[in-house]
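Report on the structure given below.
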Amino acid sequence: MASKLFSLSKLSLRPQLSFALLGSLVSGSVLAAQTPAPPPIQVTQSERGFDATIGKESMNLVVCSDSVVHITTRPDGRAVEHPQPWLLPADQSCKGVPFQFSKDAESARVKTANLTVTLSMDRGNLSYATADGKPLLHEASAVPRTYTPVDLNGDKTFHVKDRFSPNFTEAFYGLGQHQNGMFNYRGATVELGQNNTDIAVPVLVSTSGYGIIWNTASYTYVDNRFPLELSFDTMAGDGVDYFFVYGPEMDEVIHQYRTLTGHAPMLPRWSYGFIQSKDRYKSLDEMISIADRYRNEHIPLDGIVQDWFWWKHEGDPIFNENYHDVPGDLKKLHDEHVHTMISTWGLIDPSSDTYKKLDAEGLFVPDAHVYDASNPRARDVYWESLTRKLFAQGWDSFWLDSAEPEEYWPHGGDAILRDKKLSIGNGAMYTNIYPLLHNEGIQDHWRKSTDQKRTFLLTRSAFLGQQRVGATVWSGDVFSSYWGLSHQIAGGLNYAISGLPYWTTDIGGYWPTYDGQIEDPAYQELYLRWFQFGVFCPIFRSHGHRPHNEMWSYPNVESSLIEYDKLRYRMMPYIYSLAWKVSNEDYTIQRPLVMDWRSDPLTWNIGDQFMFGPAILVSPVTEAKATQRRLYLPKDTLWYDFWTGEKMEGGVSIQAAAPLNRIPLYVRAGSILPLGPDEQYAGEKVDGPIELRIYPGANGSFNLYQDEGDNYNYEKGQHAVIPISWSDSERTVTFGARTGSYSGMPQEITFHIILTHPGHGVGGGVEEHADKAVVYRGSEIKIMVK
5 MASKLFSLSK LSLRPQLSFA LLGSLVSGSV LAAQTPAPPP IQVTQSERGF DATIGKESMN
65 LVVCSDSVVH ITTRPDGRAV EHPQPWLLPA DQSCKGVPFQ FSKDAESARV KTANLTVTLS
125 MDRGNLSYAT ADGKPLLHEA SAVPRTYTPV DLNGDKTFHV KDRFSPNFTE AFYGLGQHQN
185 GMFNYRGATV ELGQNNTDIA VPVLVSTSGY GIIWNTASYT YVDNRFPLEL SFDTMAGDGV
245 DYFFVYGPEM DEVIHQYRTL TGHAPMLPRW SYGFIQSKDR YKSLDEMISI ADRYRNEHIP
305 LDGIVQDWFW WKHEGDPIFN ENYHDVPGDL KKLHDEHVHT MISTWGLIDP SSDTYKKLDA
365 EGLFVPDAHV YDASNPRARD VYWESLTRKL FAQGWDSFWL DSAEPEEYWP HGGDAILRDK
425 KLSIGNGAMY TNIYPLLHNE GIQDHWRKST DQKRTFLLTR SAFLGQQRVG ATVWSGDVFS
485 SYWGLSHQIA GGLNYAISGL PYWTTDIGGY WPTYDGQIED PAYQELYLRW FQFGVFCPIF
545 RSHGHRPHNE MWSYPNVESS LIEYDKLRYR MMPYIYSLAW KVSNEDYTIQ RPLVMDWRSD
605 PLTWNIGDQF MFGPAILVSP VTEAKATQRR LYLPKDTLWY DFWTGEKMEG GVSIQAAAPL
665 NRIPLYVRAG SILPLGPDEQ YAGEKVDGPI ELRIYPGANG SFNLYQDEGD NYNYEKGQHA
725 VIPISWSDSE RTVTFGARTG SYSGMPQEIT FHIILTHPGH GVGGGVEEHA DKAVVYRGSE
785 IKIMVK
């Protein structure tokens, strides 16, 4: 596909409908040295922004908010509308705000409280600046937008390109998840086409304080090979279409993105615990025996996964002969507080009844064995024929595998929808949309069937808006190697900056890189390093193409695996409170350092460290036999070694100790870190006691969130928040009055307050000697701690 798209790109060297060539073509040759003269430009204020004509090209600017404008163009002035289901309705996403419009001989200008957008009356290009005039980005001054007529899949459309001129120093992030190992995309070209391990999300975020949401599902290249040119090159479209978003902080850019495309719901509490999986368990008897051993050996566990080939025919809810009483066996697991996930695919066996139902109504993607998720009727049939019946048996979540989609297995190559026709429209225009609609179809039906069980979906690809459907992406079928591990970290951090908060990997990798891998001590070391990283991903899940994949399958490192598993569960009050922050404040849990230290250029190229919430700096180890790793402690704060309590200044790089049983972790001064008791499953001991670790050196605050854990009552206000603050100068912890309530809320919680210092309140274990203990009953309490 790359060669085909680049051949289209070459056509833009003679852009038949480039605005600069409309109205006054350069005589003789496009190769003339001088920039071609622009066509006449006219601009008029509109109710929402302005409308402009540039020769035959039309441009529309709509002010969505003080920080967001929406730009659309058409090369020939025609108003063509195509559905964009990734956006929320305009009355929710683009409500509009007051703005100022002005125009003179040189420019037309729209100004909001935060942003200034200027259209040059000479060149017809757009420039973006802050409200006080600080430049952010501008389109290229010569031929910024080009439109090459093309015929794709029998439809006439345009190959669209928009060129921007970034500044000399800014760094770029986002664009989904990719396997090139890059974090900062400055100087790179990124292909946006869904594929196994490669996720296309057209959101670009800059250290200069802005983001671009390239508002199309078409196959696109984002190209910054030349330092002063940033281009978006799209296979098929009616014209340019994007949102320009001003932050300046990346959290604000992500907030605006989710305002446009949807906010993330709370996942069930159990989904933040450990999820055990492998390719594959072959019966529920086997799964029950695995769960029994976890419980008998007191190893924390919340979920277990039934991977593919459980079926007689793929696409039907009929299990093969290895499965007997599915509802009864699921109840046995539920009685042990173990939740279950089952794999279903959009790829469907022609011999299945579901295939026949879909085929009879013409509900497949043409020339593929994939149902057309862009068709509402197809989504209905898929739910009614397959997932609803599984849901009724008691399965707690769905693994929507192969969501790019792929039309056969194992698929490798280009995004398959680019040359298809879909119900929603031309596949060339909707190449990347499938994972959103496939996942959204399941969530919509799920939520209509019950509000007592939160949607939790695992899927292999994503698109704009998918954060709103209760879906977690995993990074795909990656290789079991340190190379694979290191590339997942950078890919996951860019996915987070793209605005989608829930992401995970196959701990240990999926594809084996050598025979006998689980017995090999070198592989067991890799598995532990990957597991250490997985503890600090938003969702914590092990999977892989291995004969065995439980913690006891790795005897050389089993004890360390169990200790890290227990650490994850001790952090559950912290993690679940961050999950609320994701839903309530559009927060991001897994945070590349540039998100919190955007003004520090030393963070811009660090793609192998991240903050896990506001407190914990995580530095995974990605080299074999390492006993230390070099890492950066960001400036303007003090840092505590999580394992020892040693305190050090930020703004420096250090060699941190990293023996096999240790991932370097540092905690920011001023942090309040709530740690729960040892528990076997999430929610076993919601009434505590909670060890409240305070890291002195700065003031701090944390909101401890609680609810019922697995229904949607929280959306109706049935939840509670306990505000906690630390005054460093007064050495005082304040528990504010609890706001809200919910069914089953503990009436009192015991807090053990720990002021961390070397040897005290360190590591993953419970601190036996609290500095203070307090029983909290919902009213404000102030405690001085010396």
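The numbering of the sequence shown is the numbering used here, which starts it at 5 and goes up by one.
Here a beta-carbon is modelled for each residue, glycine too, at the ideal position from N, C-alpha and C.
These numbers come from a predicted model, not from an experiment.
What is the residue span of the beta strand (DSSP E) that residue i lies within?
i	result
H338	Taken as a continuous stretch (DSSP letters only), H338 belongs to no beta strand (DSSP E), being part of the alpha helix (DSSP H) at 330 to 339.
M63	61 to 69
Q55	The sequence as given places Asp at residue 55; Gln does not occur at that position. From DSSP, the beta strand (DSSP E) with D55 extends over 53 to 58.
I620	620 to 622
I294	I294 -> not in any beta strand (DSSP E); alpha helix (DSSP H) instead, spanning 288 to 300.
T150	149 to 156
D227	224 to 227
L637	632 to 637
Does residue i come out as helix, strand or coil in the three-state DSSP assignment?
i	result
F395	helix
R735	coil
T459	coil
Q594	strand
V30	Because the pLDDT of V30 is 31, which lies under 50, any placement of that residue in the model is unreliable, and the number read from its coordinates should be weighed accordingly. Coil.
Y434	coil
V766	coil
H761	strand
S50	coil
I303	coil
A660	strand
L91	coil
Q751	coil
D405	strand
Q792	The structure shown does not extend to residue 792, since the chain is modelled only from 5 to 790, so the question has no answer here.
Y780	strand
H549	coil
M270	coil
L35	Confidence at L35 is low in this model, with a pLDDT of 39, below 50, so the placement of that residue is unreliable and no value is reported for it.
Q684	coil
W601	coil
L801	Residue coverage of the chain in this structure runs from 5 to 790, which leaves residue 801 outside it and unanswerable.
S453	helix
Could you tell me which residues DSSP pairs with residue i in its beta bridges?
i	result
S124	S111
W643	M652, R672
F278	F544
L708	I726
E695	L679, H756
I785	F739
E143	F168
N199	D202
Q447	Answer by DSSP bridge pairing: none, since Q447 is not bridged.
G241	F162
M615	R595, L621
M345	V309, S401
Can you give me the start and stop residues for the alpha helix (DSSP H) that residue i sits inside?
i	result
A583	576 to 589
D95	94 to 97
P380	380 to 386
Y499	486 to 501
R262	254 to 265
What runs of the alpha helix (DSSP H), each 4 residues or longer, lie entirely inside the stretch 504 to 543? Counting whole runs of 4 or more residues, the stretch 504 to 543 contains the alpha helix (DSSP H) stretches 525 to 539.
At least 3 beta-carbon pairs within less than 8 angstroms: the stretch 420 to 433 vs the stretch 463 to 472: The stretch 420 to 433 and the stretch 463 to 472 do not touch, with fewer than 3 CB-CB distances between them shorter than 8 angstroms.
Sufficient close CB pairs (3 or more, under 8 angstroms) joining the stretch 502 to 515 to the stretch 224 to 240: In short, these stretches do not touch, since the Cβ pair count stays below three.
How do the stretch 656 to 663 and the stretch 542 to 556 stand: do at least 3 beta-carbon pairs fall below 8 angstroms, yes or no? Fewer than three beta-carbon pairs drawn from the stretch 656 to 663 and the stretch 542 to 556 are found closer than 8 angstroms, and the two stretches are therefore not classed as touching.
Does the stretch 270 to 280 come close enough to the stretch 110 to 123 to have 3 or more Cβ pairs within less than 8 angstroms? Contact fails between the stretch 270 to 280 and the stretch 110 to 123, because fewer than three Cβ pairs, one in each stretch, are under 8 angstroms apart.
Taking contact to mean 3 or more Cβ pairs, one atom from each stretch, closer than 8 angstroms, check whether the stretch 575 to 592 and the stretch 625 to 633 are in contact. No, the stretch 575 to 592 is not in contact with the stretch 625 to 633.
Does the stretch 674 to 681 come into contact with the stretch 572 to 582, if we say contact requires no fewer than three beta-carbon pairs (one atom in each stretch) closer than 8 angstroms? Touching, yes, given that three or more Cβ pairs across the two stretches are closer than 8 angstroms.
Counting Cβ pairs closer than 8 angstroms, one from the stretch 483 to 503 and one from the stretch 283 to 303, do we hit at least three? Flag = no, the stretch 483 to 503 and the stretch 283 to 303 do not touch.
For the 8 angstroms Cβ check, are there 3 or more pairs between the stretch 400 to 420 and the stretch 443 to 453? Three or more beta-carbon pairs drawn from the stretch 400 to 420 and the stretch 443 to 453 are found closer than 8 angstroms, and the two stretches are therefore classed as touching.
Examine the Cβ distances between the stretch 243 to 251 and the stretch 213 to 225 and report whether three or more of them are shorter than 8 angstroms. Contact between the stretch 243 to 251 and the stretch 213 to 225 is present, with at least three C-beta pairs closer than 8 angstroms.
Taking one C-beta from the stretch 334 to 346 and one from the stretch 360 to 369 each time, how about it: are there three or more such pairs within less than 8 angstroms? Verdict: no, contact absent.
Flag this pair as touching only if the stretch 692 to 701 and the stretch 758 to 767 have three or more C-beta atom pairs under 8 angstroms; answer yes or no. Cβ pair count under 8 angstroms is three or more, so yes.
Do three or more CB pairs link the stretch 595 to 609 to the stretch 168 to 188 at distances below 8 angstroms? Under the Cβ criterion (8 angstroms, minimum of three pairs), the stretch 595 to 609 counts as touching the stretch 168 to 188.
Under 8 angstroms, with one C-beta from each stretch per pair, do the stretch 363 to 377 and the stretch 710 to 726 reach the 3-pair mark? The answer is no - the stretch 710 to 726 does not touch the stretch 363 to 377, with fewer than three Cβ pairs under 8 angstroms.
Three-pair Cβ contact test at 8 angstroms for the stretch 138 to 150 versus the stretch 219 to 231: Flag = no, the stretch 138 to 150 and the stretch 219 to 231 do not touch.
Quick one: any contact between the stretch 119 to 138 and the stretch 70 to 84, if contact means 3 or more CB pairs under 8 angstroms? Yes, the stretch 119 to 138 is in contact with the stretch 70 to 84.
Any contact of the stretch 167 to 181 with the stretch 134 to 143, i.e. 3+ C-beta pairs under 8 angstroms? Put simply, the stretch 167 to 181 touches the stretch 134 to 143. At least three CB pairs are less than 8 angstroms apart.
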